[in-house]
Ligand SMILES: Nc1nc2c(ncn2[C@@H]2O[C@H](COP(=O)(O)OP(=O)(O)OP(=O)(O)O)[C@@H](O)[C@H]2O)c(=O)[nH]1
Ligand SMILES: [Zn+2]
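Numbering (our numbering), first residue to last: 13 to 226.
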């Protein structure tokens, strides 16, 4: 199987060994300057009236800089596919994949679950890869709508299935801890491709399997 070229995104995908079966996905985030990030955190602490020389805060700039770099660094993986020998033609759905990302507006976390499914075409996907693709795009400054679409678009482009469906339910800390303080409110977003977008029955089945509708 020839895998489609990666869509325009911050991520680079290269064919690995076992051509056509594995796609080695590597991240291409550039311009990360850990020292500059640490200095910026120190400046932030001072600007917030904190004493960065206190023993508790002494290593905080380093910890915070590392924490953000970690949360914004996608992890490499092999996108492993197998031939769909039995012609399986029903939904494959990974439910309740834990998802956490960072809100682009406040740099605060939003977290919840992703439901990612597809209707196979010629190939089926290693199941863990559905969760890995969620993680790939979640390690970025995000808005939930974009994250949802990126996961769906990427699977459509790389797996060429008959359909793709992605639903994310998440609580945004910027809505819970501050501002409106609507603690517990969850935002639901979805993105569909192919049969799941065009056929009402398939779409309904997808949502029923996620447990979002009866
Ligand atoms: N559409 C969308 N909005 C988001 C997301 N994450 C955070 N936001 C919103 O981004 C908006 C930013 O609005 P502003 O009015 O500039 O920011 P703010 O004054 O801090 O807004 P409040 O949160 O209402 O206090 C807020 O309404 C956030 O709830 C997201 O993933 N998608
Ligand atoms: Zn926010």
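Where is the CB? At the ideal position from N, CA and C, for every residue including glycine. As the structure is a prediction and not an experimental result, all values here were calculated from the model.
Endpoints, the beta strand (DSSP E) within which residue 107 is located: 104–115
Contact test: residue 196 Cβ vs ligand 1 heavy atom, cutoff 7 Å: no
Ligand 1 heavy atom lying under 7 Å from the CB of residue 157: yes
Residue nearest to residue 45 in terms of C-alpha spacing, selected from 80, 218, 192: 80
Best match in 153, 161, 93, 125 for proximity to residue 111 [C-alpha to C-alpha]: 125
Environment of residue 58 [buried if 16+ CB atoms lie within 10 Å]: exposed
Residues surrounding ligand 2 [beta-carbon distance to nearest heavy atom under 5 Å]: 115, 117, 118, 186
Identity of the residues DSSP links to residue 93 by a beta bridge: 137
Residue interval of the beta strand (DSSP E) (run including residue 121): 121–131
Inter-residue CB distance, residue 53 and residue 77 (contact presumed, cutoff 8 Å): 6 Å
Whole-angstrom C-beta distance between residue 154 and residue 116, which should lie under 8 Å: 6 Å
Contact the segment 169–180 vs the segment 189–198: 3+ CB pairs below 8 Å: no
C-alpha distance - residue 199 paired with residue 182, whole-angstrom precision: 5 Å
Environment of residue 35 [buried if 16+ CB atoms lie within 10 Å]: buried
Residues bridged to residue 182 (per DSSP): 124, 199
Residue from 131, 89, 201 whose Cα sits closest to the Cα of residue 99: 131
Nearest neighbour of residue 146, chosen from 33, 166, 42 [CA to CA]: 166
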